[in-house]
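Peer 1: Residues in the sequence shown are numbered from 7 upward in steps of one, following my numbering.
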Amino acid sequence: MKKKSGFTVIEILVLTVFLVGIGILFFTQKAEIAAKNRDDQRKTAINAMHYSLEEVFFKESSFYPTEINEKNLISMDPQLFTDPNGINLGEPESDYRYEATDCSHGKCKKYTLRATLEKEDDFIKKNRE
Numbered sequence: 007m008k009k010k011s012g013f014t015v016i017e018i019l020v021l022t023v024f025l026v027g028i029g030i031l032f033f034t035q036k037a038e039i040a041a042k043n044r045d046d047q048r049k050t051a052i053n054a055m056h057y058s059l060e061e062v063f064f065k066e067s068s069f070y071p072t073e074i075n076e077k078n079l080i081s082m083d084p085q086l087f088t089d090p091n092g093i094n095l096g097e098p099e100s101d102y103r104y105e106a107t108d109c110s111h112g113k114c115k116k117y118t119l120r121a122t123l124e125k126e127d128d129f130i131k132k133n134r135e
């Protein structure tokens, strides 16, 4: 009897299942890393807004604005007002929100900055008390 060389159907199935499993694991991890990266971008933007409000705007004006944008926070990179999805702060679907409170005649005493994250609870920064 001659022995045939090659792979059996079982060996091919085992290899296929193994490769599919590795592929699923790779793409799952890739998606997790990408989401974490987007969350880090959101946190960086909120921290930059907070710093600009506290260290530049408030020190010069002694109040907080009713809304923030690249015109009144000129110390900040304007690209940071756009979330990782390409939506600007203040637009309805934006991941970023600025909520000014205790306002009178366009001058506010308090604010809350909020970023909606994918993998964690909202990232929140408030004015210094």
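Backbone N, C-alpha and C define an ideal beta-carbon position, used for all residues, glycine too.
All values reported here derive from a predicted model rather than from experimental measurement.
Which whole-angstrom value describes the C-beta separation of E126 and T118, a residue pair presumed to lie in contact below a C-beta threshold of 8 Å?
Peer 2: About 17 Å; that fails the 8 Å criterion.
Peer 1: Excluding five sequence neighbours on each side, which residues of the same chain lie with their C-beta closer than 8 Å to the C-beta of F69?
Peer 2: Cβ within range, chain order: K113, C114 and K115.
Peer 1: On a Cα-Cα basis, can you pick out the residue from H56, L123 and D83 that is closest to S100?
Peer 2: L123
Peer 1: Which of the three DSSP states is assigned to P22 in this structure?
Peer 2: It should be noted that the sequence gives Thr, not Pro, for residue 22. Note: T22 maps to helix in three-state DSSP.
Peer 1: Note the first and the last residue of the continuous alpha helix (DSSP H) segment covering F64.
Peer 2: F64 to S67 is the span of the alpha helix (DSSP H), which, as asked, contains F64.
Peer 1: Of the choices A54, F64 and H111, whose alpha-carbon is the least far from that of Q85?
Peer 2: A54
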